[in-house]
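Engineer: Protein chains in written order, with this note's numbering: chain U, 54 to 551; chain Z, 3 to 529. Think of the CB as a built atom: it goes at the ideal place given N, C-alpha and C, for glycine as much as any other residue. Okay, here's the structure, questions in a sec.
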Amino acid sequence: MRRPARISDRDPARGAVRATGPVALVGAMILPLILAAPSATFAQQQELTHPRAMELDDVAWKAPDPAPLRLQLDNGLTAYVVADNLVPLVRLTALIGAGDADAPGGAAYAAALRAGPAAMRPGRFEQALTAMAARYDVAPQHTETRVTLEVPSEDVTAAVSLFSSLLRDPLTGAPPAGSGSSASDEATGESGPVLYEGSMDVAVMLLERAVYAGHSYVGARDAEAPTDAPASAPVSARSFANRFVVPANVALAVSGDFNPAAMRADLTSAFADWSGEAPAMPAHPLPQRAARREVLTYNVDKLQGWVAIGHELPEVPTANEAALLVMNYILGGGHFDTRLFLATRDRRGLTNDDSGFPEQGFRGPGLYSFRTYGRPEVVRLLIHLTLQEIERIRTEPVTEEELFVARGALADGDTSLWFRNGAATATTYAREWLRYGDHTRTSTWWQRVHAVTADAVLAAAQRYLDPERMRIVVLGPLDAIRNAATLEDEQALEEYER
Amino acid sequence: MKLPILAAGLAAALATLPAPPATTTATVTRSAAAVEGQRPYDLDIREHVFDNGLRLLVLERPGDPRVACKIFTDMGGLNETPGQAGAAHYLEHLMFKGTETLGTTNWTAEEPLREQIDEAEGELVAALNEARNQIVERGVFHDYRHTDTTPRIEVARERIRQLESAAAVHGDGGAMMRWYQAYGGTGLTATTEQEYMKFDINLPVERVELFLRVEADRMQNGVFREFDEERMILVEQRLGDLNRAATPYTEQMAAISGESSPVYWPEGHYPTDFTQYTRAYQRQLYERYFVVNNTTLVFIGGVSLEEMVPLVKRWFGSIEKSPEPPRSVAVEPVPIAERRLVYRSDELAPRVEVRHAIPGIGHPDRPAFDVMAGVAAPAIERSLAAAGVEGEVNVNTRVIHTSRFGVPSTMNFEVVVADADDLQAAEGALLAALRTLGKGEIDAEDLQLAKKTLRTEWYRTVADADALAFEIGHFQTMDRWETLQDHLEGRDATTDETIARLAARYFVPENRVVGTVRPADDEESRR
């Protein structure tokens with residue numbers, strides 16, 4: 054600990070009572086708390102200075118300088134190498150600047166990464182992972198693909214070799230994983246057939262399909278549906294790899310229990326002879342804008358209904374990013390103190406969750422969705438309250454206290470997660486480099502967050518939220534949802550259409 | 003099919019790859035496990051027990067700008083009584099509802115309303131007791147919509163509703179989390195299981211004192227606001243459980259796996275019990291168990307024990323020691339007969355599962371069962387292959403939803419088959435594999451790989467201060483925090499002889515529960 058935080062003006066050991074912080078140090082906001090009379094019910098010497106009156110110290114930590122961590126090879130490959138010797142593990146992550154929407158073959162390429170290097174016989178890759186007690190993950194997105202291999206440091210030599218082979222020449226021809234379905238998965242849909250897996254993810258997937266109908270984000274995946282895969286996958290995966298998976302379009306994040314100089318030498322040796330022309334990357338346009346609000350319903354025989362509400366999120370300029378995230382933090386940032394949580398969960402007990410997800414795209418738009426679920430009789434009220442809170446943040450300025458909390462959470466909380474260990478640091482910097490070629494965003498984040506004003510939040514809400522043209526996906530027992538008694542001011546399901 | 007593994011297997015698997023770089027020298031040995039003179043799993047946990055019984059555990063990581071902070075209370079589902087199942091979990095929810103200084107805009111105005119609510123609830127309980135023969139559940143099981151009532155009950159409920167509405171005017175929801183977030187807190191969660199309740203946050207090192215301020219307040223001054231609204235959140239969580247096809251099956255398996263311990267009660271509890279919760283019962287649980295001498299604080303990060311002792315004393319030192327809370331006295335009887343469950347479902351794939359009771363954390367045999375899981379899975383796979391049965395093998399020590407218990411647990415072996423006609427053969431192959439383990443026929447590579455996998459998973463835990471702090475606090479509530487190191491070393495010390503001894507001792511028919519999932523209308527069902 055650098056400095057002990059100073060607490061109240063009275064030492065409890067000398068008999069201070071609860072809630073007696075110095076009024077001079079406290080804003081008007083917490084004055085009612087200070088005026089609260091101490092109760093005789095509880096411990097007489099317990100001090101409970103209000104947190105805002107504790108004068109907690111500023112956070113001294115700063116993000117590490119990225120320059121010494123960066124390894125730049127002549128072929129254009131960039132790696133961030135971060136030693137983290139807490140435990141004998143090594144993590145290798147490759148961030149590839151292309152995903153399943155960039156060209157046919159993106160999903161097949163991800164499947165090839167899961168199958169292992171082409172030089173290994175089928176099944177051997179899985180054996181190697183098992184023998185190393187490895188964690189291996191492939192995460193394809195629309196315009197990027199992430200591959201992660203984590204092994205005990207005793208296996209780092211084999212892992213680097215395996216990872217290099219995997220990236221440079223994966224086993225194309227494997228069918229896309231997780232794309233199969235069976236008759237039992239299907240539920241009837243009023244707005245079309247739906248694969249039901251019993252989670253919020255399905256409602257969000259349906260929302261994205263509706264928002265991006267006919268767009269490369271959805272079209273690319275549909276083109277590689279299981280029925281098409283066997284014949285076309287090997288060629289398209291190979292084509293995808295040749296075109297996009299080249300050194301200049303890959304950033305490595307390497308962290309763990311190693312000597313950084315030796316690891317840099319190993320990476321150079323393993324990747325220096327990899328070659329390929331830097332690709333021209335496609336830009337993805339905004340989808341066709343919805344002209345009006347639409348309700349899409351899908352019937353499943355379950356005990357709850359799931360709701361996903363939203364629309365596209367255009368690419369967010371750096372200048373607007375902090376205000377957007379502060380606004381979402383206050384509205385639906387996934388914690389217990391959001392406006393959505395307070396309205397639907399805390400005060401009414403309707404749902405376990407109601408949150409907003411501004412998923413920013415890179416080289417294209419993203420998706421801004423609001424997600425909630427609950428027993429059938431509250432689903433319409435959940436829709437009503439969610440839309441109501443979205444409208445409120447577009448019309449009323451947020452409070453000073455809301456701003457104070459959101460700024461602190463995003464500047465001192467979220468930022469720490471980006472750099473919480475060697476792996477996070479390496480990945481944060483590798484991703485930023487791959488996308489932007491510099492580190493302006495991370496280095497200015499704290500200042501940008503603290504510069505956000507109530508007006509900027511209002512502007513962000515008006516710019517990025519348009520409830521009048523959101524799609525509302527409802528997945529659940531529709532009869533029960535429709536026939537439920539009215540609890541407050543909610544309307545019939547279809548009346549939320551515009 | 004048996005896979006070649008470890009050094010020879012890895013070399014074979016990688017043989018077709020290009021040669022690794024000649025200069026590879028990356029690995030160094032600075033990790034804690036390799037420091038000379040230390041035990042392999044030495045965590046350098048430092049302890050201080052205050053005069054009032056509060057236990058402080060600190061694992062120092064000098065230079066770490068963050069601190070993982072956790073407060074564990076030794077209470078959970080084990081301390082509930084029949085008809086109040088889930089009350090401990092519900093109490094955790096209520097403890098997010100604020101105190102007299104956080105969560106209210108005017109406690110002076112709110113306090114008398116809270117007192118009136120408690121009085122009105124007393125009247126409601128009296129009305130419920132008076133009408134006990136009229137409102138008893140008849141034929142409708144586990145339905146949260148159960149609504150039998152009487153006029154006196156309704157009057158009492160309406161009175162409570164009105165008072166709660168009046169009190170809500172002074173509410174300031176979200177305050178128990180707000181200040182953590184404002185000052186850079188991340189990972190705020192709370193968890194209740196059978197043996198513990200914990201609250202946790204990860205804070206910047208400069209602000210660790212905020213944790214002490216909030217949690218000292220939460221421990222003593224909880225105000226149970228939005229009582230009925232929060233009750234419905236438990237309903238939502240329970241419905242979420244029941245939406246999963248496997249939930250009813252796994253809960254039925256748990257229900258026949260033990261006889262006396264609440265460990266075997268469903269994790270999501272019974273919705274009918276939710277209606278029984280009262281403020282008075284919750285207050286009783288709260289005041290009985292949330293006392294300093296039943297509490298452990300765990301900190302991992304850039305703080306030292308010397309720094310934390312005076313800070314903890316400042317916020318918790320004035321709290322007096324309370325009477326020791328009562329403990330669950332249920333002792334699981336020795337099993338004397340095999341039990342079987344047949345569960346019919348078209349939503350779940352056909353499967354056969356065999357469970358055996360095993361000792362809980364703290365028993366010297368317990369660590370080896372972690373290794374057993376890694377050894378048994380490939381043995382069962384080989385046995386299935388020999389029998390010509392295609393199946394997916396799962397092995398775990400999960401009871402309800404967690405894998406560690408300081409009370410009796412079970413070791414579960416499951417084979418999921420594509421064809422229900424294979425169920426009998428799958429059970430035979432599974433039991434045959436367990437018999438081979440009991441005879442000492444243990445594959446040396448399987449044993450080494452199992453231990454390597456456990457070590458690697460442990461390194462992942464150590465790398466995450468929040469996860470490590472959880473393990474330390476959890477072991478303290480299950481047994482003692484010192485047991486954690488013994489447990490880890492016990493796993494490494496497991497030999498093929500240990501595996502054989504335990505398999506022969508525990509995997510016997512009278513200690514067995516067998517579950518089978520069949521299609522709802524297969525031939526077996528029709529018979």
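1) Mind listing which residues of the region 429 to 444 of chain Z have their C-beta closer than 8 Å to chain U's C-betas, in chain order?
2) Would you mind stating whether Lys441 of chain Z and Val373 of chain Z have Cβ atoms separated by less than 8 Å?
3) Look up Leu456 of chain U in the DSSP assignment and say whether it is helix, strand or coil.
4) What number of angstroms, rounded off, separates the C-alpha of Asp254 of chain U from the C-alpha of Phe389 of chain U?
5) Taking all protein chains shown into account, do 16 or more other C-beta atoms lie within 10 angstroms of the C-beta of Ala87 of chain Z, making it buried, or fewer, making it exposed?
6) For the candidate residues U:Tyr421, U:Gly387 and U:Asp519, whose alpha-carbon lies nearest to that of Gly189 of chain Z?
7) Distance check for His172 of chain Z and Arg316 of chain Z, CA to CA, integer angstroms please.
8) Work out the CA separation of Arg416 of chain U and Ala560 of chain U for me, nearest whole Å.
9) In the structure shown, what three-state DSSP assignment does Ser320 of chain Z receive?
10) Give the DSSP bridge partners of Lys200 of chain Z, in chain order.
11) Decide if the region 467 to 484 of chain U is in contact with the region 338 to 353 of chain U; the criterion is three or more beta carbon pairs, one per stretch, under 8 Å apart.
12) Run through chain Z and tell me which residues come within less than 7 Å of Thr404 of chain U, C-beta to C-beta.
13) By the three-class DSSP mapping on this structure, what secondary structure does Gln125 of chain U have?
14) Just to confirm before moving on: does the CB-CB distance between Gly492 of chain Z and Pro361 of chain Z stay below 8 Å?
15) How is the alpha helix (DSSP H) around Ile474 of chain Z delimited, first residue to last?
16) DSSP state of Pro411 of chain U, grouped into three classes?
17) Just to confirm my understanding: we take Ala545 of chain U, look at its own chain, exclude 5 residues before and 5 after, and list those with CB closer than 8 Å. What are they?
18) Once DSSP output is grouped into helix, strand and coil, what is the label at Ile235 of chain Z?
19) Go ahead and pull the three-state DSSP assignment for Phe415 of chain Z.
20) If you reduce the DSSP assignment to three classes, tell me which class Asp488 of chain Z lands in.
21) Under DSSP, the alpha helix (DSSP H) around Phe389 of chain U begins and ends at which residues?
22) What beta strand (DSSP E) runs, 3 residues minimum, are completely inside the region 327 to 355 of chain U?
23) Alpha carbon to alpha carbon, how far is Val336 of chain Z from Glu512 of chain Z? Give it in angstroms, no decimals.
24) Name the residue from Z:Glu484, Z:Gly376 and Z:Ala129 whose alpha carbon lies nearest to the alpha carbon of Arg457 of chain Z.
25) Taking the alpha-carbon positions, what's the Phe229 of chain Z to Val216 of chain Z distance?
26) What does the Cβ neighbour count give for Thr103 of chain Z, buried or exposed, with the cut at 16 atoms within 10 Å?
27) Does any residue of chain Z bring its CB to less than 8 Å from the CB of Gly329 of chain U?
28) Does the Cβ of Asn381 of chain U have 16 or more other Cβ atoms within 10 Å, making it buried, or fewer, making it exposed?
29) Tell me the rounded alpha-carbon separation between Arg317 of chain U and Glu355 of chain Z.
30) Counting only Cβ pairs nearer than 7 Å, list the residues of chain Z close to Phe389 of chain U.
31) Got a sec: which bits of the region 210 to 241 of chain Z sit with their beta carbon under 8 Å from any beta carbon on chain U, in order along the chain?
32) Output, in chain order, the set of chain Z residues within a Cβ distance shorter than 9 Å of Trp498 of chain U.
33) Excluding the 5 residues preceding and the 5 following Asn135 of chain Z in the sequence, name in chain order all residues of the same chain whose CB lies nearer than 8 Å to its CB.
34) Within its chain, find whatever has a CB closer than 6 Å to the CB of Val516 of chain Z; leave out the 5 residues flanking it on each side and keep chain order.
35) May I have a chain-ordered list of the alpha helix (DSSP H) segments no shorter than 4 residues that lie completely inside the region 139 to 220 of chain U?
36) Could you check if Val302 of chain U is buried or exposed, using at least 16 other CB atoms within 10 Å of its CB as the buried criterion?
Structural biologist: Working from what's here:
1) Flagged: no residues at all.
2) Numbered from its first residue, the second sequence carries residue 441 of chain Z at position 439. Numbered from its first residue, the second sequence carries residue 373 of chain Z at position 371. Result no, Cβ atoms of Lys441 of chain Z and Val373 of chain Z do not sit closer than 8 Å.
3) Within the first sequence, residue 456 of chain U is the residue found at index 403, counting from 1. Three-state DSSP puts Leu456 of chain U in a helix.
4) Position 201 of the first sequence, counted from the start, is the residue given in the question as residue 254 of chain U. Position 336 of the first sequence, counted from the start, is the residue given in the question as residue 389 of chain U. Their Cα atoms are separated by approximately 21 Å.
5) The residue labelled residue 87 of chain Z in the question sits at position 85 within the second sequence. By the neighbour-count criterion, in which a residue is buried when 16 or more other Cβ atoms sit within 10 angstroms of its Cβ, Ala87 of chain Z is buried.
6) Here residue 189 of chain Z refers to the residue found at position 187 of the second sequence. Minimum Cα distance to Gly189 of chain Z is reached at U:Gly387.
7) Working through the second sequence from its first residue, we reach residue 316 of chain Z at position 314. Working through the second sequence from its first residue, we reach residue 172 of chain Z at position 170. Answer to the nearest angstrom: the Cα atoms are 30 Å apart.
8) Since the first residue of chain U shown is 54 and the last is 551, residue 560 of chain U is not available in this structure.
9) Residue 320 of chain Z sits at position 318 when you count from the first residue of the second sequence. Secondary structure of Ser320 of chain Z (DSSP, three-state): coil.
10) One-based indexing of the second sequence puts residue 200 of chain Z at position 198. Lys200 of chain Z is bridged to Z:Phe74 and Z:Thr193.
11) In short, these stretches do not touch, since the Cβ pair count stays below three.
12) Counting from 1 along the first sequence, the entry for residue 404 of chain U is found at position 351. Thr404 of chain U reaches chain Z at Glu238, counting residues in chain order whose Cβ is nearer than 7 Å.
13) Taking the first sequence and counting its residues from 1, the one referred to as residue 125 of chain U is at position 72. Residue state, collapsed to three classes: strand.
14) Here residue 492 of chain Z is taken as the residue at index 490 of the second sequence, counted from 1. Here residue 361 of chain Z is taken as the residue at index 359 of the second sequence, counted from 1. Going by C-beta atoms, Gly492 of chain Z is not nearer than 8 Å to Pro361 of chain Z.
15) Working through the second sequence from its first residue, we reach residue 474 of chain Z at position 472. Counted as a single uninterrupted DSSP element, the alpha helix (DSSP H) harbouring Ile474 of chain Z occupies residues Ala467 to Met480.
16) By 1-based counting over the first sequence, the position of residue 411 of chain U is 358. DSSP, reduced to helix, strand and coil, places Pro411 of chain U within a strand of the structure shown.
17) The residue given as residue 545 of chain U occupies position 492 in the first sequence. A distance below 8 Å between beta-carbons, with the five flanking residues on each side excluded, links Ala545 of chain U to the following residues of its chain, in chain order: Arg433 and Arg535.
18) For the purposes of this step, residue 235 of chain Z is identified with residue 233 of the second sequence, where counting begins at 1. For Ile235 of chain Z, the secondary structure class from DSSP, reduced to helix, strand or coil, is helix.
19) The residue given as residue 415 of chain Z occupies position 413 in the second sequence. Phe415 of chain Z falls in the strand class under three-state DSSP.
20) Here residue 488 of chain Z corresponds to residue number 486 of the second sequence, with the count starting at 1. DSSP places Asp488 of chain Z in helix when its eight states are reduced to three.
21) If you number the first sequence from 1, residue 389 of chain U lands on position 336. For Phe389 of chain U, there is no enclosing alpha helix (DSSP H), as DSSP marks it with neither H nor E.
22) List check, beta strand (DSSP E) in window: 347 to 352.
23) Residue 512 of chain Z sits at position 510 when you count from the first residue of the second sequence. Residue 336 of chain Z sits at position 334 when you count from the first residue of the second sequence. Distance between the alpha carbons of Glu512 of chain Z and Val336 of chain Z: 9 Å.
24) Here residue 457 of chain Z refers to the residue found at position 455 when the second sequence is read from its first residue. Looking at the Cα atoms, Z:Gly376 is the closest of the given residues.
25) Taking the first residue of the second sequence as 1, we reach residue 229 of chain Z at position 227. Taking the first residue of the second sequence as 1, we reach residue 216 of chain Z at position 214. Approximately 21 Å, taken between the alpha carbons.
26) Along the second sequence, read from residue 1 onward, the residue named residue 103 of chain Z stands at position 101. Taking all protein chains shown into account, Thr103 of chain Z has 16 or more neighbouring C-beta atoms within 10 Å of its C-beta and is therefore buried.
27) Against the first sequence, residue 329 of chain U aligns to sequence position 276. Closer than 8 Å: no.
28) Your numbering for residue 381 of chain U matches position 328 in the first sequence. Burial call: buried.
29) Locating residue 317 of chain U in the first sequence gives position 264, counting from the first residue. Locating residue 355 of chain Z in the second sequence gives position 353, counting from the first residue. Rounded to the nearest angstrom, the two C-alpha atoms are 49 Å apart.
30) In the first sequence, residue 389 of chain U corresponds to position 336, counting from 1. Scanning chain Z for C-beta atoms nearer than 7 Å to the C-beta of Phe389 of chain U yields Phe98, Gly176 and Met179, reported in chain order.
31) Result list: Val210, Glu211, Leu212, Arg215, Val216, Ala218, Asp219, Gln222, Asn223, Glu228, Asp230, Glu231, Glu232, Arg233, Met234, Ile235, Val237, Glu238, Gln239 and Leu241.
32) Within the first sequence, the letter at position 445 stands for residue 498 of chain U. Correct list: empty, because the minimum Cβ distance to chain Z is about 13 Å.
33) Reading the second sequence from its first residue, position 133 is the one you call residue 135 of chain Z. Result list for Asn135 of chain Z: empty, nothing under 8 Å.
34) One-based indexing of the second sequence puts residue 516 of chain Z at position 514. Residues Arg342 and Val356 of the same chain have their beta carbon placed closer than 6 Å to that of Val516 of chain Z, with the five preceding and five following residues left out of the count.
35) Runs of the alpha helix (DSSP H) lying entirely within the region 139 to 220 of chain U, each at least 4 residues long, are 159 to 168 and 177 to 184 in chain order.
36) Locating residue 302 of chain U in the first sequence gives position 249, where the first residue counts as 1. Checking the displayed sequence, the identity of residue 302 of chain U turns out to be Asn instead of Val. Classification of Asn302 of chain U: buried, given that the 10 Å Cβ count is 16 or more.
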